[in-house]
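Peer 1: The numbers in my numbering rise by one with no breaks, and the one at position 246 of the sequence shown is 239.
From the three backbone atoms N, C-alpha and C, an ideal C-beta is built for every residue, glycine too.
Being a predicted model, the structure only gives us computed values, none of them experimental.
Structure provided below as structure tokens; questions to follow.
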Amino acid sequence: MDASELRELLTPEALRLLDDLEPSAGIDDALAIVSRLRKQGHPPARVAAVLTQYRLRRRGEVKFGPFAQRMLFTAEGLEQASRLRVAAVHAGRFAAAGLTRVADLGCGIGGDAMAMAALDLRVTAVERDEATAAIAAYNLSPFPAARVVHGDALAQPLDDVDAVWLDPARREGASRLASPDDWSPSLTRALAIARERPAGIKLAPGMDRALLPEGLEAQWISVDGDVVELVLWSGALARPGVGRAALVLRGDDPPAELRAAADSADVEAGPLGDYLYEPDGAVIRARLIGDLARSMGGRMLDPTIAYITADRPSPTPFARGFRVLERLPVEVPVLKRALAARGIGVLEIKKRGIDIDPARLRPKLALRGSGAAVLVLTRVAGEKTALLAERCD
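Below, the structure written as structure tokens:
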């Protein structure tokens, strides 16, 4: 967002116009909205700024729910922002540790700072990009205990705060910054801050594990099956004895977390049982599959594949369960006959550890019928295998 667009957006006329747009209208009616606003006499720059925010608010509902309808966004800031439910979890950890004065260094559009301020934490939110800082100030305006500073996060004095939250910028315009040394602040500097005082550092979930330091708690977080972030916790924000954690947030279910001191040892592979379990991505990223399998009385389906098999049902929030109906060879004629015999017309195809394109396979199966099933294409003891199954949940 450039300065001229920001100035146009932050006028009373533009903000009032934005709030008056019907939030339930579809994004596809953009041309109709533009035409209507132009006929009402609004200048083109105002219409463009309002329409951009209208679209971003609609996208923002995925992360912020109904709160998105009173927020402002930048496209880049929205992409990097924590989901509101995840930000609330972060804020709760600061509050539980008794850390009431927090510096949010690199606050972006202010999503995490909003969650902290909602718990009455005193938040100093620092953002170097002028337009983004102005957006954050707007979003944090309902919270008197929060203030936004436009400046360099690394130049911000930290003498008057108890803890720090860092979300390093990992993009520059449309380009992703591959090297942690190029992030702002760099990973090296962020870790140095975390060694000096309690801190949380938000990182991408696919972070190279070789870069993870010793002595910090690494927590992977998934929301409705998608692994959304990795957070490194230090000082009073890190839990004693916890080096690896997988936090699973799913629907309206209570949060569930698997914790360990370190990566868990694997369990041995064994024969296919009546049930198959697909661990949540956070569990896989945290390398806690072995602990999960042991807690379920299960075993690995194959030494190199993250599927657990068990002889009895073992419901768990940390994995999706399937009851195995039939084991089949990965041969189209065989699969086609088996699906037709069961009247399967709705088929979910999952694959892991096998080079098959489900999109190309599906039309070859000539699905017909009203039945539904799951086809898992994987390896069992090194052998390519198709498992016809039904969901347990």
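Give me the residue from 99, 173 and 195 with the minimum Cα distance to residue 440.
Peer 2: Nothing in the structure corresponds to residue 440, since the chain is present only between -6 and 386.
Peer 1: For residue 67, which of helix, strand or coil comes out of DSSP?
Peer 2: Within the sequence shown, residue 67 is the residue found at index 74, counting from 1. Three-state result, residue 67: coil.
Peer 1: Please determine if the stretch 284 to 301 and the stretch 317 to 330 are in contact, where contact requires at least 3 C-beta pairs separated by less than 8 Å.
Peer 2: The stretch 284 to 301, when compared against the stretch 317 to 330, does not touch it at the 8 Å Cβ threshold.
Peer 1: Is it buried or exposed for residue 259, if we count other Cβ within 10 angstroms and need 16 for buried?
Peer 2: The residue given as residue 259 occupies position 266 in the sequence shown. Looking at its Cβ environment, which holds fewer than 16 other Cβ atoms inside 10 Å, residue 259 is exposed.
Peer 1: Quick one: is residue 391 buried, meaning 16 or more other Cβ sit within 10 Å of its Cβ, or exposed?
Peer 2: Nothing can be reported for residue 391: it is not among the residues displayed for the chain, which extend from -6 to 386.
Peer 1: Using 8 Å as the Cβ pair cut-off and three pairs as the minimum, do the stretch 226 to 233 and the stretch 188 to 198 touch?
Peer 2: A contact exists between the stretch 226 to 233 and the stretch 188 to 198.
Peer 1: Thinking just about the alpha-carbon of each residue, which of 88, 107 and 123 is nearest to the one in residue -2?
Peer 2: The residue you call residue -2 lines up with position 5 of the sequence shown. Taking only the C-alpha atoms, the option nearest residue -2 is 123.
Peer 1: Does the stretch -3 to 14 come close enough to the stretch 42 to 56 that 3 or more CB-CB pairs lie under 8 Å?
Peer 2: Verdict: yes, contact present.
Peer 1: If residue 262 and residue 250 are in contact, beta carbons under 8 Å, what's the gap, nearest whole angstrom?
Peer 2: As a first step, residue 262 is located in the sequence shown; it is residue number 269 there, counting from the start. As a first step, residue 250 is located in the sequence shown; it is residue number 257 there, counting from the start. Contact flag wrong, Cβ pair sits at about 26 Å.
Peer 1: Between the Cα of residue 342 and the Cα atoms of 222, 382 and 93, which residue gives the shortest distance?
Peer 2: By 1-based counting over the sequence shown, the position of residue 342 is 349. With distances taken between Cα atoms, residue 342 lies closest to 382.
Peer 1: Just list the residues that DSSP pairs residue 117 with in beta bridges.
Peer 2: What you label residue 117 is simply residue 124 of the sequence shown in a count that begins at 1. Looking at the DSSP assignment, residue 117 forms a beta bridge with 96 and 140.
Peer 1: Scan the stretch 188 to 239 and note each continuous beta strand (DSSP E) run of 3 residues or more that stays entirely inside, going in chain order.
Peer 2: For the stretch 188 to 239, whole beta strand (DSSP E) runs of length 3 or above, ordered along the chain, are 192 to 196, 210 to 216 and 219 to 227.
Peer 1: Out of 378, 334 and 347, which has the shortest C-alpha to C-alpha gap to residue 363?
Peer 2: What you label residue 363 is simply residue 370 of the sequence shown in a count that begins at 1. Cα-wise, what sits closest to residue 363 is 334.
Peer 1: Kindly identify the DSSP beta-bridge partner or partners of residue 384.
Peer 2: The count along the sequence shown starts at 1 and reaches residue 384 at position 391. Its beta-bridge partners are 315.
Peer 1: Using a Cβ-Cβ cutoff of less than 6 Å, which residues in the same chain neighbour residue 235 once the five nearest sequence positions on both sides are dropped?
Peer 2: Taking the sequence shown and counting its residues from 1, one reaches residue 235 at position 242. The residues are 210 and 252.
Peer 1: In or out: residue 178 buried (at least 16 other Cβ within 10 Å) or exposed?
Peer 2: One-based indexing of the sequence shown puts residue 178 at position 185. Flag for residue 178 reads buried.
Peer 1: Rounded to the nearest angstrom, how far is the Cβ of residue 113 from that of residue 160, given a contact under 8 Å?
Peer 2: The residue you call residue 113 lines up with position 120 of the sequence shown. The residue you call residue 160 lines up with position 167 of the sequence shown. Actually they are not in contact, since the Cβ atoms of residue 113 and residue 160 sit about 21 Å apart, beyond 8 Å.
Peer 1: From residue 332 to residue 90, what distance separates their C-alpha atoms?
Peer 2: Taking the sequence shown and counting its residues from 1, one reaches residue 332 at position 339. Taking the sequence shown and counting its residues from 1, one reaches residue 90 at position 97. The alpha-carbon atoms of residue 332 and residue 90 are separated by roughly 54 Å.
Peer 1: Keeping to the same chain, check which residues put their C-beta closer than 7 Å to that of residue 144; ignore five residues upstream and five downstream.
Peer 2: On the sequence shown, position 151 is the one that residue 144 refers to. Once the five neighbours on either side are set aside, the close Cβ partners of residue 144 are 119 and 121.
Peer 1: Measure the alpha-carbon distance for residue 37 versus residue 31 and round it to whole angstroms.
Peer 2: Reading the sequence shown from its first residue, position 44 is the one you call residue 37. Reading the sequence shown from its first residue, position 38 is the one you call residue 31. Cα to Cα, the separation comes out at about 7 Å.
Peer 1: Given a cut-off of 8 Å, decide if residue 269 and residue 133 are closer than it, judged by their beta-carbon atoms.
Peer 2: Taking the first residue of the sequence shown as 1, we reach residue 133 at position 140. Taking the first residue of the sequence shown as 1, we reach residue 269 at position 276. Going by C-beta atoms, residue 133 is not nearer than 8 Å to residue 269.
Peer 1: Tell me the residue span of the alpha helix (DSSP H) that contains residue 125.
Peer 2: Within the sequence shown, numbered from 1, the residue matching residue 125 stands at position 132. Element bounds for residue 125: 123 to 133.
Peer 1: Are residue 367 and residue 355 close, meaning C-beta to C-beta below 8 Å?
Peer 2: As a working note, residue 367 is residue 374 in the sequence shown. As a working note, residue 355 is residue 362 in the sequence shown. Not closer than 8 Å, so no.
Peer 1: Who are the near neighbours of residue 75 in its chain, counting only those whose CB is closer than 6 Å to its CB and skipping five residues on each side?
Peer 2: Taking the sequence shown and counting its residues from 1, the one referred to as residue 75 is at position 82. Cβ within range, chain order: 104 and 105.
Peer 1: Using the C-alpha atoms, what's the distance from residue 59 back to residue 87?
Peer 2: Here residue 87 corresponds to residue number 94 of the sequence shown, with the count starting at 1. Here residue 59 corresponds to residue number 66 of the sequence shown, with the count starting at 1. Straight-line Cα distance between these residues: approximately 25 Å.
Peer 1: Tell me which residues share the same chain as residue 373 and place their Cβ nearer than 7 Å to its Cβ, disregarding the 5 neighbours each side in the sequence.
Peer 2: On the sequence shown, position 380 is the one that residue 373 refers to. Hits under 7 Å: 265, 294 and 295.
Peer 1: Can you name the start and end residues of the alpha helix (DSSP H) that residue 104 belongs to?
Peer 2: One-based indexing of the sequence shown puts residue 104 at position 111. Residue 104 -> alpha helix (DSSP H) spans 104 to 111.
Peer 1: Any idea what DSSP makes of residue 283, helix, strand or coil?
Peer 2: Walking along the sequence shown from the start, residue 283 turns up at place 290. In the structure shown, residue 283 sits in a helix (DSSP, three-state: H, G or I).
Peer 1: Between the alpha carbons of residue 54 and residue 298, how many angstroms are there, rounded?
Peer 2: Here residue 54 refers to the residue found at position 61 when the sequence shown is read from its first residue. Here residue 298 refers to the residue found at position 305 when the sequence shown is read from its first residue. Going by the C-alpha atoms only, they are around 35 Å apart.
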